[in-house]
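There are 2 protein chains.
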Amino acid sequence: MNESAPLRPLTERPRIEDVAILAGTSAMTVSRALRQPGKVAAETLARIMAAVDALGYVPNLSASSLASRRSGILAVLVPTIGNSIFSETVRGLADAVAAADLHLLIGDFGYSDDKRRKLVRALVGRQPDAVVIVGAVHDEAVRASLRRQAAPVVETWELSPDPIDMIVGFSNFEAGATVARHLLARGRGRCAFVGGLESRAEARLAGFAAALAAAGAPPPETEVPADLSIAAGREAFGRILARAPDIDGVFFATDVMAVGGLLECQRRGIDVPGRVAIAGLGNLEIGRQMQPALTTIEIPAYAMGHRAGELILARLAKEDPSASGRVIDLGFALLTRGTT
Amino acid sequence: MNESAPLRPLTERPRIEDVAILAGTSAMTVSRALRQPGKVAAETLARIMAAVDALGYVPNLSASSLASRRSGILAVLVPTIGNSIFSETVRGLADAVAAADLHLLIGDFGYSDDKRRKLVRALVGRQPDAVVIVGAVHDEAVRASLRRQAAPVVETWELSPDPIDMIVGFSNFEAGATVARHLLARGRGRCAFVGGLESRAEARLAGFAAALAAAGAPPPETEVPADLSIAAGREAFGRILARAPDIDGVFFATDVMAVGGLLECQRRGIDVPGRVAIAGLGNLEIGRQMQPALTTIEIPAYAMGHRAGELILARLAKEDPSASGRVIDLGFALLTRGTT
DNA sequence: CTGAAAGCGCTTACAG
DNA sequence: CTGAAAGCGCTTACAG
């Protein structure tokens, strides 16, 4: 009886030791073979790989995280996974880190600060190797708990002079101002804004209002939509028109709502852009495909995620803390189309 | 010197032992206090909580996973996170398991079987407590590796007589047949189908073709779109019309593409539904808001996720394996609207 | 109600 | 190129 087969029941998952026994080597060497195959003799490697296949061995990542102090997790916090424009950012991030083996652990905080706080606590417990957040974090408790851990943190979609660690975004304020100047240039004297209460929409409104004021135009009518849907855009537009029938230019904080505004105009027989000009933000496909096509602010949704991923990889590789405090402005572009 | 402060540098994350020392108790009791506060004396509990707050202690979940053999992870595999209808399913799932503390680890396999295989390997290493997959898995290697682990697995969005473990879906075949019968009832004799090559779209096409054949109608023209976008729907519709100008009814495998078909008709001045009837699947908001509104198959996107979550919780709670092999059909509904 | 001991399955130094 | 020892930070039984 030279062969010492593992005595554990077959229903249990094999451990590294089981592989080692089957391959006639040690757990150490199996571990090395799996992570740095070049450092193991070819023949040993072959025996180990055969054993891995035979047993269907998959390393227990909880154990390796614990031992190596690297979790392999990239935590991603988004306001909502149901929004395709945020998923562009996630896609950019995933593409950027595809080579490194980091898993994206995606948490959805439903636009709620309270849920975000809980999510951060939960994620910190998983010891993420890095954290990416859609939106800048303004809650001091959350900022502190993210700072406390050593992992790089990238905020996105906004600019802030004081990032937790790094931030990659664009100026929502300038985007709003750019739309206002565009509407003014199109001869619109009575403008409105439709958007929610989170910080990015507020910054767009602030820029929009500032540029109107600078031109001596009246302050914008504003409406807060029920959510970010087409229907909410329709309804908000209807309320604005009821309140201020002379409105001739509307900036919606997102394209989806702007499409609602446009469809509502078409339903009511309101000429766009003859009577009312409409602009959105996001350059989503639906806006591009509408007839007339929607004027919009194109934002670097994919690029922000991709750049965030690159920053993280650089930091993880070089242990280079010099990037900390970095603020990267990726800009935006006004796409003038049929609705203005 | 009675007070023995922890000697570790403050930059390192506190461990349970640090909390125990500060609270004047043992690691065991801290662990218990955090998980089953009712089993710890009120006074001890208060001291522990104060210590937790003072140190900003967050348990290392890699260590607890390893020790408890529960990861707290619910692995979710989706074809793409960029599709809002799949995120409905994820939302349903998240809502169902919100009370239990399970984190959703979402993996995106980009509609690629190869990427899905890798993803499954990676996820299995994280020892998920449960797995939910959008789509049935037909790859035998993947099925085997999911079966090997003890965790419950729920497939969704399809029905299959032989699930890996449990499956919650609807009949894509019947959905296709229902649309065909509806178009026939509307007097359409020359139908077409636009949809991709994955199993769900194929089942819809099979049902669509079968119902046409049963009625003695000619087999459908079919077009495979470049992707699932509005633009792809437009282009596929254009190709169909070029090939078969007498087409009078088109079923698109998803609403987004169907909207493309509708917009293309409007651009070309083709009367819908007078000359061509159009139907989609998904009951997405954009289809509802179009003018005319899109006829569609409403599918239980949210409900499938929610039910999957309930099945998982039941299994996790009762260790009840009787649900295994269960096939749950949540059905669908034809919503007849303006385009047919 | 509380705690000392053992162990979860890996990896990190270190030695050879 | 390979391996024995120690330890990552928790929880599980068990004892009291």
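Order-wise, the sequence lines are chains A and B.
Quick note on numbering: numbering that gives the first Met the number 0 labels position 172 of the first sequence as 171, and the sequence is numbered without any gaps.
Quick note on numbering: numbering that gives the first Met the number 0 labels position 39 of the second sequence as 38, and the sequence is numbered without any gaps.
Just so it is clear, CB atoms sit at the ideal spot from N, CA and C, and this is done for glycine as well.
It should be emphasised that the depicted structure is a prediction, and the values quoted were computed from it without experimental measurement.
Chain A residues whose Cβ lies nearer than 9 Å to that of Leu262/B: Gln288, Met289 and Gln290
C-alpha gap between Val193/A and Arg314/B, whole angstroms: 46 Å
Proximity test, Cβ basis, 8 Å: His102/B and chain A: Chain A, which has a Cβ nearer than 8 Å to the Cβ of His102/B, makes this yes.
Beta carbon proximity, Gln35/B to chain A, threshold 8 Å: no
Among Asp226/A, Leu293/A, Glu297/A and Ala235/A, the one whose alpha carbon lies nearest that of Thr339/A: Leu293/A
Exposure of Asp107/B, with buried meaning 16 or more beta-carbon neighbours within 10 Å: The residue is buried, with at least 16 neighbouring Cβ atoms inside 10 Å.
When Pro219/A, Gly168/A, Ala41/A and Arg203/A are compared against Arg187/A, the one with the closest alpha-carbon: Pro219/A
Cβ-based neighbour list, Val258/A, same chain, cut-off 7 Å, excluding 5 preceding and 5 following: For Val258/A, the CB contacts under 7 Å within the same chain, skipping 5 residues up- and downstream, are Ile229, Gly232, Ile285, Gly286, Met289 and Leu293 in chain order.
Cβ contact (3+ pairs, closer than 8 Å) linking the stretch 168-185 of chain B and the stretch 200-211 of chain B: yes
Coarse secondary structure for Thr24/A, derived from DSSP in three states: coil
CB of Pro151/B within 8 Å of CB of Ile327/B, strictly: no
Host beta strand (DSSP E) of Val223/A (start-end): No beta strand (DSSP E) contains Val223/A, which DSSP labels as neither H nor E.
Beta carbon of Ala210/B nearer than 8 Å to that of Arg180/B: yes
Helix, strand or coil at Met48/B [DSSP, three-state]: helix
One or two residues paired with Met303/B in a DSSP bridge: Met303/B is not bridged to any residue.
Under 9 Å (Cβ pairs) to chain B, residues found in the stretch 49-61 of chain A: Gly55, Val57, Pro58, Asn59, Leu60 and Ser61
Span separating the alpha-carbon of Thr253/B from that of Ala184/A: Distance between the alpha carbons of Thr253/B and Ala184/A is about 40 Å.
Through-space distance from Ala32/B to Ile20/B, alpha-carbon basis: 14 Å
Sequence-distant residues of its chain with Cβ nearer than 7 Å to Val51/A (five each side left out): Beyond the five residues adjoining it in sequence on each side, Val51/A comes within less than 7 Å, by CB distance, of Val18 in the same chain, given in chain order.
Gly279/A to Thr88/A span [Cα, whole Å]: Rounded to the nearest angstrom, the gap between the Cα atoms of Gly279/A and Thr88/A is 19 Å.
The stretch 100-114 of chain B in contact with the stretch 153-163 of chain B per 3-pair CB rule at 8 Å: no
Cutoff 7 Å; reference His137/A; Cβ partners in own chain excluding five residues on either side: Ser198
Under 8 Å between C-beta atoms of Leu60/A and Gly168/A: no
Assumed close pair Met27/B, Thr155/B - CB separation to whole angstroms, cut-off 8 Å: Actually they are not in contact, since the Cβ atoms of Met27/B and Thr155/B sit about 41 Å apart, beyond 8 Å.
Chain A residues whose Cβ lies nearer than 7 Å to that of Arg116/B: Residues of chain A passing the Cβ test: none, with the nearest at roughly 12 Å.
Best match in Tyr301/A, Arg125/A and Leu240/A for proximity to Ala93/A [C-alpha to C-alpha]: Tyr301/A
Where Phe169/B sits in the DSSP three-state scheme: Three-state result, Phe169/B: coil.
Exposed unless 16 or more other CB atoms sit within 10 angstroms - verdict on Arg68/B: exposed
Distance CB(Pro127/B)-CB(Ile72/B) smaller than 8 Å: Taking 8 Å as the Cβ cut-off, Pro127/B and Ile72/B qualify as a contacting pair.
Gly341/B burial status per 10 Å Cβ neighbour count (16 or more: buried): Absent from the structure is residue 341/B, since the part of chain B shown begins at 0 and ends at 339.
Spatial distance of Ala316/B from Gly195/B (CA atoms): About 39 Å.
Coil, strand or helix - Phe358/B by DSSP: One cannot answer for residue 358/B here, as it falls past the ends of chain B, which runs 0 to 339.
Below-8 Å beta-carbon distance, Pro5/B vs any chain A residue: The predicted model places Pro5/B with a pLDDT of 41, which falls under 50 and marks its position as unreliable, so this point remains unresolved.
C-beta atoms of Ser170/B and Gly55/A nearer than 8 Å: no
Residue range of the unbroken alpha helix (DSSP H) whose run includes Leu92/A: Ser83 to Ala95
Exposure of Gly134/B, with buried meaning 16 or more beta-carbon neighbours within 10 Å: The residue is buried, with at least 16 neighbouring Cβ atoms inside 10 Å.
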